[in-house]
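Numbering (the working numbering), first residue to last: -2 to 281. Notes follow the structure.
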Ligand SMILES: NC(=O)c1ccc[n+]([C@@H]2O[C@H](COP(=O)([O-])OP(=O)(O)OC[C@H]3O[C@@H](n4cnc5c(N)ncnc54)[C@H](OP(=O)(O)O)[C@@H]3O)[C@@H](O)[C@H]2O)c1
């Protein structure tokens, strides 16, 4: 399989390139500088240059809080930019795999969101990602994979932030009233390529299991990293941020499990791997 990864220098993009190569696929990851979602003509050139069979779009405007005051840019990248990625896939005769988010939901549910649950984003970022889903699905055979709470080696993420605070001897104050499923980028990369290899299309949810609060996740990070760190529980109201986040971000992964023929992985696997990677980096 020939796999082109847009956003190939990002946290998830790197994991997808690594996973594709580990399967013996021809994989090319393109950085923002090499392939800007906003430049349709230069993107289209990759159809002939690489002849992909699958295009995985990991590129996005991911600054959730900044998007509240930068709506135009968020939509230019996460909406119109996805249409350009779809055009590239269309020209190459490839399937587009678009990565989306739990932020398309309002988090008011009390049971896991199925793929067909009504969407109601709380933030500009969530709205722009929903627009990206529409643009992707306008192209026949496209696959949209919704996921959440990504962490992994390389890149800015919650696990790296918590470890940084622990190492600096700073207190960990973490919210208890947002529940979701942390998902490691290597695990999501495997899921994306399993789905692509099986020719899946439409919307599919993927998260690692089991649901936890950010607080409980931080407690586990602290325990595995150093054992003796206090984590202070706070509420979202005590920790205001420009963009609202869904309180409940659990997705129903039944469709993924049926297509892939396997259960989703526990997030603890990815956490152990990521902490081992961070430890190695710190000792270099
Ligand atoms: N992180 C999460 O918790 C999370 C949760 C759910 C879904 N997602 C989705 O997962 C995907 C991957 O996220 P990530 O965490 O890997 O994010 P990331 O590390 O921020 O990677 C995104 C990449 O996109 C690039 N990019 C930004 N604007 C671009 C443009 N106009 N053209 C081409 N590339 C551009 C960025 O490059 P520069 O940095 O050089 O601009 C960056 O390398 C995104 O679709 C995101 O919405 C993430």
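The beta carbon of each residue, even a glycine, is placed where N, CA and C say it ideally should be. Just so it is clear, the structure is predicted and the values come from calculations on it, not from any experiment.
Bridge partners - residue i, DSSP secondary structure assignment
i	result
residue 258	Paired residues: none, contrary to the question.
residue 110	248
residue 73	Residue 73 is not bridged to any residue.
residue 238	Answer is none; residue 238 lacks a bridge partner.
residue 54	3, 95
residue 168	In the DSSP output, where bridge partners are listed per residue, residue 168 has none listed.
Cβ separation of residue i and residue j, assumed to be a contact under 8 Å, to the nearest whole Å
i	j	result
residue 26	residue 11	7 Å
residue 88	residue 41	6 Å
residue 132	residue 83	6 Å
residue 60	residue 100	Rounded, the Cβ-Cβ distance is 13 Å, inconsistent with contact.
residue 261	residue 254	7 Å
residue 163	residue 226	5 Å
residue 190	residue 96	Their Cβ separation, rounded to whole angstroms, is 12 Å, which puts residue 190 and residue 96 out of contact at 8 Å.
Length of the line joining the Cα atoms of residue i and residue j
i	j	result
residue 248	residue 114	10 Å
residue 241	residue 175	11 Å
residue 234	residue 92	42 Å
residue 141	residue 198	7 Å
residue 47	residue 117	37 Å
residue 144	residue 98	5 Å
residue 50	residue 205	27 Å
residue 150	residue 180	12 Å
residue 266	residue 85	35 Å
residue 4	residue 201	20 Å
residue 236	residue 35	34 Å
residue 218	residue 210	12 Å
Contact test: residue i Cβ vs ligand 1 heavy atom, cutoff 7 Å
i	result
residue 197	no
residue 32	yes
residue 6	yes
residue 76	no
residue 58	yes
residue 152	yes
residue 9	yes
residue 231	no
residue 96	yes
residue 265	no
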